[in-house]
């Protein structure tokens, strides 16, 4: 390779240029290397360890580039003992380097080709059947659910969703013509779920998106612009109730996902519960709410730790300082909190108190005073219990931005959260054509 070659071309030649599933390319450089002008966009915000690990493990060879993580590790680290390290150790080192700034990530070209033209080279270009082409067009909009799903996708911090990905869409349309295509209306959504039900009976559950695709979307921390969102929950006791559980504070958190993500699960509550990673009780009654965000705008977001810090900082302004929120919205503290929460519930049980008492601030404060020696540890627990009670981010909340299936270690669906205030009743929302309530068998 010529010494004055474009650095991205050099990376491609060295097999250290990574290309994600959307065709976006990335180059990695040690921090001491000066960034050259117009070399590429430096990715320097919304980066966390999950995003970095997901990016490094999801190179897509379909764009014609070979990527060798071993070569990347040696090039960036200069570690002459590289051959003695495992692949996971290299991924961990690179991920940590990306997060702490030791490794720069630059966005380069997008390999997504423009739509084919029948004028190119004077050669006719194969076209899709008119029926398939006609079904693809609408632009999707937002979604969400508790430790589970929701909202709009802007530009990611490590990957960019191509705006004109026609070539890929045309291929996908032959396999799944409705992928990424929102229903035309709420009634159309209901009809499509019936169609999905027939497919489910015939072939079983076939997820629309792969484990890697869902994790990549979540790592971007952005919501797809899907028009219809879906919430799965126990059947309400009254139509006068809101969709979710309204707190005394007026907060009404809705954990959701997009219709596009869960359509293939049909209206089978056992399958949907599995996708959302929640326990299924065959003796319980369940409902699905399909929400039309054109009629009922939302402020949903993907609940990654970074996004939660930003949103909770605004929502709990004057209640929990931003610095305290930053302390408790991390993978490290979440692991600690799971243990504290179990101890808290065991303590309540030993005192003969109902588990619902765990949502009460007074109980949390009393426990913290007895259980923790360090005042900061006590305050962290009290603040995290407040977030759990008010937002529904349970002790199992991972901050990864996707649900984990109950039946397997795979990702179930992109998770979205909308923190509403003083919501309307189910009856009102249905009558105004903002939602469709579907009783599940």
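Numbering (the numbering used here), first residue to last: -17 to 423. From the three backbone atoms N, C-alpha and C, an ideal C-beta is built for every residue, glycine too.
Taking all protein chains shown into account, residue 333 has fewer than 16 neighbouring C-beta atoms within 10 Å of its C-beta and is therefore exposed. Selection 329, 57, 188 evaluated against residue 12 yields 57 as nearest (Cα-Cα).
Counting other Cβ atoms within 10 Å of its Cβ, residue 237 reaches 16 or more and is therefore classed as buried. Going by DSSP, residue 13 is part of no beta strand (DSSP E) at all; its letter is neither H nor E. A residue is called buried once 16 or more other Cβ atoms fall within 10 Å of its Cβ, and residue 220, having fewer, is exposed.
Under DSSP, the beta-bridge partners assigned to residue 396 are 384. If you draw a 10 Å sphere on the C-beta of residue 390, you find fewer than 16 other C-beta atoms in it, and that means exposed.
Counting only the Cα atoms, residue 378 lies some 12 angstroms from residue 315. The three-state reading of DSSP puts residue 343 in helix, counting H, G and I together. Following the DSSP letters along the chain, one finds residue 89 in no alpha helix (DSSP H) but inside the beta strand (DSSP E) bounded by residues 85 to 92. Sequence-distant Cβ neighbours of residue 417 in its own chain, meaning closer than 6 angstroms and more than five residues away, are 271, 273, 411.
For a cut-off of 8 angstroms, the C-beta gap from residue 76 to residue 22 is around 18 angstroms, too long to register as a contact. Taking C-alpha positions only, residue 205 is separated from residue 178 by approximately 24 angstroms. Around the beta carbon of residue 71, fewer than 16 other beta carbons sit within 10 angstroms, so the residue counts as exposed. Judged by DSSP in its simplified three-state form, residue 32 adopts helix. When rounded, the separation of the alpha-carbon atoms in residue 224 and residue 203 is 27 angstroms. With a minimum length of 4 residues, the unbroken runs of alpha helix (DSSP H) contained wholly in the region 308 to 357 fall at 313 to 332, 343 to 353. Following the DSSP letters along the chain, one finds residue 422 in no alpha helix (DSSP H) but inside the beta strand (DSSP E) bounded by residues 417 to 422.
Distance check between residue 53 and each of 67, 46, 45 places 67 closest, using alpha-carbon atoms only. Annotation: the continuous alpha helix (DSSP H) that includes residue 170 extends over 168 to 185. Less than 8 angstroms separates the beta-carbon of residue 374 from that of residue 235.
Across the set 231, 249, 189, the C-alpha of 249 shows the shortest separation from the C-alpha of residue 172. Rounded to whole angstroms, residue -7 and residue 283 show a C-alpha spacing of 34 angstroms. Where residue 272 is concerned, there is no enclosing alpha helix (DSSP H), although the beta strand (DSSP E) around it starts and stops at 268 to 274. The Cβ atoms of residue 372 and residue 231 lie closer than 8 angstroms to each other. From the listed residues 383, 305, 289, 415, the smallest Cα separation to residue 193 is found for 383.
In summary, residue 63 is exposed, with fewer than 16 beta-carbon neighbours lying within 10 Å of its beta-carbon over all protein chains present. Taking 8 angstroms as the cut-off, the Cβ atoms of residue 210 and residue 240 count as close. Collapsing the DSSP output to three states places residue 57 in a helix. Scanning its chain for C-beta atoms nearer than 8 angstroms, with the 5 sequence neighbours on each side dropped, one finds around residue 255 the residues 214, 261, 262, 268, 388, in chain order.
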